[in-house]
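Notes follow the structure.
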Amino acid sequence: MRLRVHHLLCVPLYCGHGYSDAFVQNMDQKAAELKRGCKVCLQTDPDEICASCPNLVQEAGEAARCSLDRNHVQTKDERLLTALQLEAGREYDSMQLWKAVRDRMTQEIFEGSCGRCEWYRQGLCSYEKYIAAVDALK
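Have a look at this one:
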């Protein structure tokens, strides 16, 4: 599965909320697959989760991108690669990836990445909830 880096923070806390019915249906499937275990190729561009997002735009002659906040999600993905010591384009086993992310995640990294997200601002996410959710995946 092709996966944006920041979705490593979204999936463990995903609880059925989303941007649209199509997004939720796709996210249900992708989150379940990632939690069961699958091969993952990390990237900083739109992925299989983004495919059903109404915020994904593609203008003539340009690559698809997120329309939210001037595409800040790509910058978020790039920063997470560095902070979590991961590599774009590399294939990982999702279960091993969860362990690596758990071992490297700090509250500062989490809040730096998620602090501007609408789901975080609604109280659906927190560092403590994230750690508990990833621990439950082991």
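All you need for our numbering is the position in the sequence shown, starting with 1, plus 5. We treat Cβ as the ideally placed atom computed from N, Cα and C, and that holds for glycine. Quick caveat: nothing in here was measured; it's all calculated off a predicted structure.
#1: Starting from the Cα of A5, find the closest Cα among A88, S99, C130 and Y24 and give me that residue.
#2: Considering only the alpha carbon of each residue, which of N31, E67, A88 and D50 lies closest to R7?
#3: So L14 and S118 are supposed to be a Cβ contact under 8 Å. How far apart are they, rounded?
#4: To the nearest angstrom, how far is the alpha carbon of L18 from that of S72?
#5: C113: which of V78, Y97 and A88 sits nearest, CA to CA?
#6: Please go through the same chain and pick out, in chain order, the residues whose beta-carbon is closer than 7 Å to the beta-carbon of I32, but skip the five residues on each side of it.
#7: Strictly by DSSP, which residues pair up with H44?
#8: Would you mind working out which of R84, V16 and S57 sits nearest R41, comparing C-alpha positions?
If we stick to the structure as given:
#1: Because the chain spans 6 through 143 in this model, residue 5 falls outside it and cannot be assessed.
#2: D50
#3: Indeed, because the Cβ distance is near 6 Å, the residues count as touching under 8 Å.
#4: 23 Å
#5: Sequence check: residue 113 is Glu here, not Cys. Across the set V78, Y97 and A88, the C-alpha of A88 shows the shortest separation from the C-alpha of E113.
#6: Note on identity: in this sequence residue 32 is Met, with Ile being the wrong assignment. Counting only Cβ-Cβ distances below 7 Å, and skipping sequence neighbours, we find Y19, G23 and I54.
#7: In the sequence as displayed, the identity of residue 44 is Lys instead of His. Its beta-bridge partners are D98.
#8: V16
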